[in-house]
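Asks: Okay, handing you the structure first.
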Amino acid sequence: MKVGSLKGEDSKMYLDKILQKSMEEIELSDKEIKYLLEQTHEENINKIFSTARGLRKKYFGKKVFLYGFIYFSTYCKNDCNFCYFRGSNTKPPRYRKSLNEIITTAKKLQKSGVHLIDLTMGEDSYYINNTQKLVNIVSKVKKETELPIMVSPGVVNDEVIDELIYAGADWYALYQETHNKVLYEKLRANQDYDLRFRVKKYARNKGMLIEEGLLAGVGNSVLNTVESFDIMKKLNVSQIRTMTFIPQEGTPMENWKQTNFLSELLNIAVMRLIFPNLLIPASLDVDGLKGLEERLDAGANVITSIIPPNDGYAGVANASNDINEGFRTVEGIQETLARCGLNNATLDEYKNWVENQKLKISIEGGRINDKSTDYRWKIAGNRNCLSSKESRVLLNFTG
Ligand code: SAM
Ligand code: MD0
Ligand code: SF4
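At position 88 of the sequence shown the residue is numbered 87 (numbering that gives the first Met the number 0), and the sequence of numbers has no breaks.
Below you can see the structure in the form of structure tokens.
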């Protein structure tokens, strides 16, 4: 059947069939995923969003997770063409926060109720050449907050990954942005694609949870996105994000025409259909508080880029938007959550999710040896995803 030429009732039936398969968690074909991503009619898109919300509910109930964001150094030796903080840009604020400042901010975030601290930096040579200082930040923030930690330091070598794990890092976030190597070269000029990808695999094999990310609106075709989802599945990622590219002053892509947020929203929803039990962020960094509701309505279940006001920290895609207004705070998002019929998960619920996901990754990686005596192995089997019932048993999730 040529699905591209389907019209009227036929096309409606085809979409319904795909969504029914998603609800039953039957793996979708590439052709079906492509069809979902190509939808332009409001009615069809709303159906996809509502199916995504249904799957989110099945696995996570009404609960969302909240991530505090600490961009502790905005210096960068790289020159990504899309990024405001690329080394050669003279426009952005450059700062390197002291250890004490970072700890104070982390504690503030912890008290406000976030479930994780994301420690992010530009590829700052100061830290790349003194990795002990980076490791020390992680271990101090872990000790002072006892929260799960995500690190986003860019590419680091294997020994540093080992040390970051030892210091208490649970997650490694490193986004390829695209899995089309030609496009990658244009976006992350002079950065080795294979190295970036390999270091993620190394961290995952060492037991870290991995977050992969795609930029929307930079030239990824629908087929590229389908392929990216396939690669994410093989990479055994635990969190997947997509953010719309925001053109940045002083960069080579300054005059790039920004797209609307639809392809980001469709990506979020389709990710939820393909990876129903994984974490998918709604980032406050892309369109601030006003863009949160539509991202949650598309099926996201983590709110990222929560930043304390007036501490002098920047965001990435929107370096200052909504920060000092206090909108990117746990308090600031509550009204939106209520409108979406959602609420904050407890810290224990998040910690359980993280610990059980680590267990699941290690089981699927075959690193728990005695499979026959491990009941968790029996229920996980060889599938990519656990069913919602299995997941609830395994994750002890009460939401
Ligand atoms: N320097 C590290 C690195 O590049 O991996 C850590 C920073 S990383 C978390 C910053 C991410 O923000 C990028 O990987 C990209 O996905 C996103 N980003 C950067 N500039 C952006 C822009 N102008 N619009 C949208 N997203 C952007
Ligand atoms: C965010 N600005 O959550 C942050 C950043 C890095 N791990 C995350 C892209 O939107
Ligand atoms: Fe540097 Fe990261 Fe920005 Fe690239 S995305 S210029 S590596 S801060």
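Glycine included, C-beta positions come from ideal geometry on N, C-alpha and C.
#1: Please identify the residue among Val-137, Met-149, Arg-294 whose C-alpha is closest to the C-alpha of Cys-339.
#2: Straight-line CA distance for Val-198 to Met-231?
#3: Is Gln-131 helix, strand or coil when you go by DSSP?
#4: With distance defined between alpha-carbon atoms, name the residue in Lys-46, Leu-214, Gly-86, Glu-42 nearest to Ser-72.
#5: Taking all protein chains shown into account, decide if Thr-177 is buried (16 or more other Cβ within 10 angstroms of its Cβ) or exposed.
#6: Compute every distance between the C-beta of Val-315 and the non-hydrogen atoms of the ligand PLP, then say whether any falls below 7 Å.
#7: Going by alpha carbons, who is nearest to Ala-313 out of Gly-167, Leu-214, Asp-191, Tyr-74?
#8: My parser needs the alpha helix (DSSP H) runs of 4 or more residues fully inside the region 175–237; what are they?
#9: Looking at the structure shown, is Asn-351 part of a helix, part of a strand, or coil, going by DSSP?
#10: I need the boundaries of the beta strand (DSSP E) containing Tyr-171, first residue and last residue.
#11: Whose CB is closer than 6 Å to a heavy atom of the ligand SF4? List the residues in chain order.
#12: May I ask you to check if the CB of Ala-172 is nearer than 7 Å to at least one heavy atom of the ligand MD0?
#13: Entirely within the region 101–165 and at least 3 residues each: give me those beta strand (DSSP E) ranges in chain order.
#14: From Met-242 to Glu-158, what does the alpha carbon distance come to, in whole angstroms?
#15: Any heavy atom of the ligand MD0 inside 7 Å of the beta-carbon of Asn-280?
#16: My understanding is that Glu-162 touches Lys-106, with C-beta atoms under 8 Å, so please give their C-beta distance in whole angstroms.
#17: Compute the minimum distance between the beta carbon of Met-149 and the heavy atoms of the ligand MD0, and state whether it is under 7 Å.
#18: Run the proximity test for Phe-68: is its beta-carbon closer than 7 Å to any non-hydrogen atom belonging to the ligand MD0?
#19: Quick one: residues in its chain with C-beta nearer than 6 Å to the C-beta of Gln-247, no 5 flanking neighbours on either side, listed in chain order?
#20: Run through DSSP, which three-state label would Ala-344 get?
#21: How big is the Cα-Cα spacing for Val-236 and Ile-267?
#22: Assign Glu-66 to buried or exposed, taking buried as 16 or more other Cβ atoms, counted over all protein chains shown, within 10 Å of its Cβ.
#23: What first and last residue would you give for the beta strand (DSSP E) that runs through Ile-69?
#24: Would you check if the region 349–362 and the region 128–136 touch, i.e. whether three or more CB-CB distances between them fall below 8 Å?
#25: What would DSSP say about Lys-377, mapped onto helix, strand or coil?
#26: Starting from the Cα of Ile-399, find the closest Cα among Asp-229, Gln-356, Ile-305 and give me that residue.
#27: Since Ser-87 is in the beta strand (DSSP E), which residue starts that stretch and which ends it?
#28: Distance check for Glu-363 and Lys-377, CA to CA, integer angstroms please.
#29: Determine the DSSP secondary structure at Met-242, reduced to helix, strand or coil.
#30: For the alpha helix (DSSP H) holding Ser-49, just list the boundary residues, first then last.
#31: Quick one: is Thr-258 buried, meaning 16 or more other Cβ sit within 10 Å of its Cβ, or exposed?
#32: Within its chain, find whatever has a CB closer than 6 Å to the CB of Asp-123; leave out the 5 residues flanking it on each side and keep chain order.
#33: Quick one: is the Cβ of Thr-73 within less than 7 Å of any heavy atom of the ligand MD0?
#34: Locate the alpha helix (DSSP H) running through Ile-302, then write down its first and last residues.
#35: Consider the C-beta atom of Gln-356 and the heavy atoms of the ligand SAM; say whether any pair is separated by less than 7 Å.
#36: Based on the DSSP secondary-structure assignment, which residues constitute the bridge partners of Ser-282?
Replies: In short, the structure shows the following:
#1: Here residue 339 corresponds to residue number 340 of the sequence shown, with the count starting at 1. Ranking Val-137, Met-149, Arg-294 by Cα distance to Cys-339 puts Arg-294 first.
#2: Residue numbering aside, residue 198 sits at position 199 when the sequence shown is read from its first letter. Residue numbering aside, residue 231 sits at position 232 when the sequence shown is read from its first letter. Roughly 14 Å separates the two Cα atoms.
#3: In the sequence shown, residue 131 corresponds to position 132, counting from 1. Shown here, Gln-131 sits in a helix according to DSSP, grouped into three states.
#4: Taking the sequence shown and counting its residues from 1, one reaches residue 72 at position 73. Nearest option by C-alpha distance: Gly-86.
#5: Within the sequence shown, the letter at position 178 stands for residue 177. Thr-177 should be labelled buried.
#6: Annotation note on the ligand PLP: not contained in the displayed structure, which lists the ligand SAM, the ligand MD0 and the ligand SF4 as its ligands.
#7: Mapped onto the sequence shown, residue 313 falls at position 314. Checking every option, the nearest Cα to that of Ala-313 belongs to Tyr-74.
#8: 180–186, 192–204, 221–234
#9: As a working mapping, residue 351 is identified with position 352 in the sequence shown. In the three-state reduction of the DSSP assignment, Asn-351 falls in the helix class, which pools H, G and I.
#10: For the purposes of this step, residue 171 is taken as the residue at position 172 of the sequence shown. It spans 170–172 - the beta strand (DSSP E) in which Tyr-171 sits, taken as one unbroken run.
#11: Cys-75, Asn-77, Cys-79, Cys-82, Phe-84, Arg-85, Gly-121, Glu-122, Gly-153
#12: Locating residue 172 in the sequence shown gives position 173, counting from the first residue. Within the cutoff, so yes.
#13: 115–120, 148–151
#14: Here residue 242 refers to the residue found at position 243 of the sequence shown. Here residue 158 refers to the residue found at position 159 of the sequence shown. Roughly 30 Å between the two C-alpha positions.
#15: Stepping through the sequence shown from its first residue, residue 280 is reached at position 281. The sequence given here has Pro at residue 280, not Asn. Yes; taking the cut-off as 7 Å, the Cβ of Pro-280 has a heavy atom of the ligand MD0 nearer than that.
#16: The residue labelled residue 162 in the question sits at position 163 within the sequence shown. The residue labelled residue 106 in the question sits at position 107 within the sequence shown. That pair is no contact at about 23 Å.
#17: As a first step, residue 149 must be located in the sequence shown, where it is residue number 150. In this structure, Met-149 has its beta carbon less than 7 Å from a heavy atom of the ligand MD0.
#18: The count along the sequence shown starts at 1 and reaches residue 68 at position 69. True, at least one ligand heavy atom lies under 7 Å from that Cβ.
#19: Within the sequence shown, numbered from 1, the residue matching residue 247 stands at position 248. The residues are Tyr-83.
#20: Residue numbering aside, residue 344 sits at position 345 when the sequence shown is read from its first letter. Looking at Ala-344 - three-state DSSP - the assignment turns out to be coil, as it is neither helix nor strand.
#21: Your numbering for residue 236 matches position 237 in the sequence shown. Your numbering for residue 267 matches position 268 in the sequence shown. Their Cα atoms are separated by approximately 15 Å.
#22: If you number the sequence shown from 1, residue 66 lands on position 67. The identity of residue 66 in the sequence shown is Tyr, whereas the question assumes Glu. Residue environment: Tyr-66 is assigned as buried (16 or more neighbouring CB atoms within 10 Å of its CB, all protein chains considered).
#23: On the sequence shown, residue 69 is found 70 positions in, with the first residue counted as 1. From DSSP, the beta strand (DSSP E) with Ile-69 extends over 62–72.
#24: no
#25: On the sequence shown, residue 377 is found 378 positions in, with the first residue counted as 1. Confidence in Lys-377 is poor, its pLDDT being 37 and thus under 50, which makes the residue's placement unreliable; the coordinate value appears in the next sentence. Of the three classes helix, strand and coil, the one that applies to Lys-377 here is helix, per DSSP.
#26: Since the displayed the chain opens at 0 and closes at 398, residue 399 lies outside it and no answer follows.
#27: On the sequence shown, position 88 is the one that residue 87 refers to. It is not in any beta strand (DSSP E) - Ser-87 carries neither H nor E in the DSSP assignment.
#28: As a position in the sequence shown, residue 377 is number 378, starting the count at 1. As a position in the sequence shown, residue 363 is number 364, starting the count at 1. In this prediction, Lys-377 has a pLDDT of 37, which is less than 50 and means its spatial position is unreliable; what the coordinates show is noted afterwards. When rounded, the distance between both Cα atoms is 11 Å.
#29: Reading the sequence shown from its first residue, position 243 is the one you call residue 242. Looking at Met-242 - three-state DSSP - the assignment turns out to be strand.
#30: To locate residue 49, count along the sequence shown from 1; it is residue 50. Here the alpha helix (DSSP H) through Ser-49 covers 41–59.
#31: Reading the sequence shown from its first residue, position 259 is the one you call residue 258. Thr-258 comes out exposed.
#32: Position 124 of the sequence shown, counted from the start, is the residue given in the question as residue 123. Correct list, in chain order: Ser-72, Tyr-74.
#33: Stepping through the sequence shown from its first residue, residue 73 is reached at position 74. No, Cβ of Thr-73 sits at least 7 Å from all heavy atoms of the ligand MD0.
#34: Taking the sequence shown and counting its residues from 1, the one referred to as residue 302 is at position 303. That residue, Ile-302, is in no alpha helix (DSSP H); its beta strand (DSSP E) goes 301–305.
#35: In the sequence shown, the residue the question calls residue 356 occupies position 357. No - the ligand SAM has no heavy atom lying nearer than 7 Å to the Cβ of Gln-356.
#36: Mapped onto the sequence shown, residue 282 falls at position 283. Assignment of beta-bridge partners to Ser-282 by DSSP yields Thr-303.
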